[in-house]
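Peer 1:
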Amino acid sequence: MAEYIKVSSDPKAKAITDGFRLISLTVKNSETGEKAWKSVDWGTDVFTAVKEAHLPARMLSFPAVGREIVFSTNEVIRDFRISQDIFVHGKQIEQWNYDFGFVMPGSENSWETIVQAAGEGKMLPAEFLSGNMYIVTNFYSGDLFIARNVVRIFYE
Numbered sequence: 001m002a003e004y005i006k007v008s009s010d011p012k013a014k015a016i017t018d019g020f021r022l023i024s025l026t027v028k029n030s031e032t033g034e035k036a037w038k039s040v041d042w043g044t045d046v047f048t049a050v051k052e053a054h055l056p057a058r059m060l061s062f063p064a065v066g067r068e069i070v071f072s073t074n075e076v077i078r079d080f081r082i083s084q085d086i087f088v089h090g091k092q093i094e095q096w097n098y099d100f101g102f103v104m105p106g107s108e109n110s111w112e113t114i115v116q117a118a119g120e121g122k123m124l125p126a127e128f129l130s131g132n133m134y135i136v137t138n139f140y141s142g143d144l145f146i147a148r149n150v151v152r153i154f155y156e
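Taken in order, the sequence shown gives residues 1 to 156; the numbers are from full-length UniProt numbering.
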């Protein structure tokens, strides 16, 4: 999946990626608020290497999962949005699209989204997904493609 990683050659997009930092990602049970996982180790290679996330398998039983992303940017991002493609065993199974809006330069921001589960008996098992699931995220400023990163998911 490393072939999916890409950074735009557009000068505006390059300036955004140079000043963009993923600070943390938190995952929780959105019904109870129970925090299931948090990572603060995203590093500077978020747009150049496949990252790994080791999540607790019990998350697959949550009726809905809340995800909070904390990020900072040195540049203005107009109409910030992301598109996420979910791949399992090399096949795309879902796509999620999110709109954040205007992001001020020099700011730190928090963005929370909720993903509804497929329902009891409809979720794929952790053993099938673990290490075989990738989240490919495209970042945009309006119509300007900024970058794409890849996260490989493991359930433990």
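Glycine included, C-beta positions come from ideal geometry on N, C-alpha and C.
Pick helix, strand or coil for residue 99, following the three-state DSSP scheme.
Peer 2: Reading the sequence shown from its first residue, position 99 is the one you call residue 99. Strand, per DSSP.
Peer 1: Among residues of its own chain, excluding the 5 on either side of residue 93, which ones have a beta-carbon nearer than 8 Å to its beta-carbon?
Peer 2: The sequence position of residue 93 within the sequence shown is 93, counting from 1. So the list reads 86 and 87, once near-sequence residues are dropped.
Peer 1: Write down the C-beta distance between residue 155 and residue 55 rounded to the nearest angstrom, noting that I regard them as a contact closer than 8 Å.
Peer 2: Position 155 of the sequence shown holds residue 155. Position 55 of the sequence shown holds residue 55. Between residue 55 and residue 155 the Cβ distance is about 6 Å, and since that is below 8 Å, they are a contact.
Peer 1: Do you know offhand how far residue 131's Cα is from residue 153's?
Peer 2: Working through the sequence shown from its first residue, we reach residue 131 at position 131. Working through the sequence shown from its first residue, we reach residue 153 at position 153. Rounded to whole angstroms, residue 131 to residue 153 spans 6 Å at the Cα level.
Peer 1: By the 10 Å Cβ neighbour count, where 16 or more other Cβ atoms means buried, how is residue 149 classified, buried or exposed?
Peer 2: As a first step, residue 149 must be located in the sequence shown, where it is residue number 149. So residue 149 ends up on the buried side.
Peer 1: Quick check: the Cα distance between residue 65 and residue 117, rounded to an integer number of angstroms?
Peer 2: As a first step, residue 65 must be located in the sequence shown, where it is residue number 65. As a first step, residue 117 must be located in the sequence shown, where it is residue number 117. Roughly 7 Å separates the two Cα atoms.
Peer 1: Could you please give the first and the last residue of the uninterrupted beta strand (DSSP E) stretch that includes residue 23?
Peer 2: In the sequence shown, counting from the first residue as 1, residue 23 sits at position 23. Residue 23: member of the beta strand (DSSP E) spanning 20-29, first to last residue.
Peer 1: Here's a check: name, in chain order, each residue in its chain whose Cβ is nearer than 8 Å to the Cβ of residue 40, leaving out the five neighbours to either side.
Peer 2: As a position in the sequence shown, residue 40 is number 40, starting the count at 1. Result list for residue 40: 23 and 24, in chain order.
Peer 1: I need the straight-line Cα distance from residue 57 to residue 128, nearest angstrom please.
Peer 2: Position 57 of the sequence shown holds residue 57. Position 128 of the sequence shown holds residue 128. Using only the alpha carbons, I get a separation of about 11 Å.
Peer 1: Residues in the same chain with beta-carbon distance under 8 Å from residue 62, minus the five sequence neighbours each way, listed in chain order, please.
Peer 2: Working through the sequence shown from its first residue, we reach residue 62 at position 62. Contacts found: 29, 30, 31, 36 and 117.
Peer 1: Span of the beta strand (DSSP E) holding residue 34?
Peer 2: Here the question's residue 34 lines up with position 34 in the sequence shown. Per DSSP, residue 34 lies in no beta strand (DSSP E) segment and is marked neither H nor E.
Peer 1: Just how far apart, CA to CA, sit residue 114 and residue 9?
Peer 2: Translated into positions along the sequence shown, residue 114 becomes position 114. Translated into positions along the sequence shown, residue 9 becomes position 9. One C-alpha to the other measures close to 32 Å.
Peer 1: Which residue's Cα is closest to the Cα of residue 144: 48, 111, 33 and 83?
Peer 2: As a working note, residue 144 is residue 144 in the sequence shown. Of the listed residues, the one whose Cα sits closest to residue 144 is 83.
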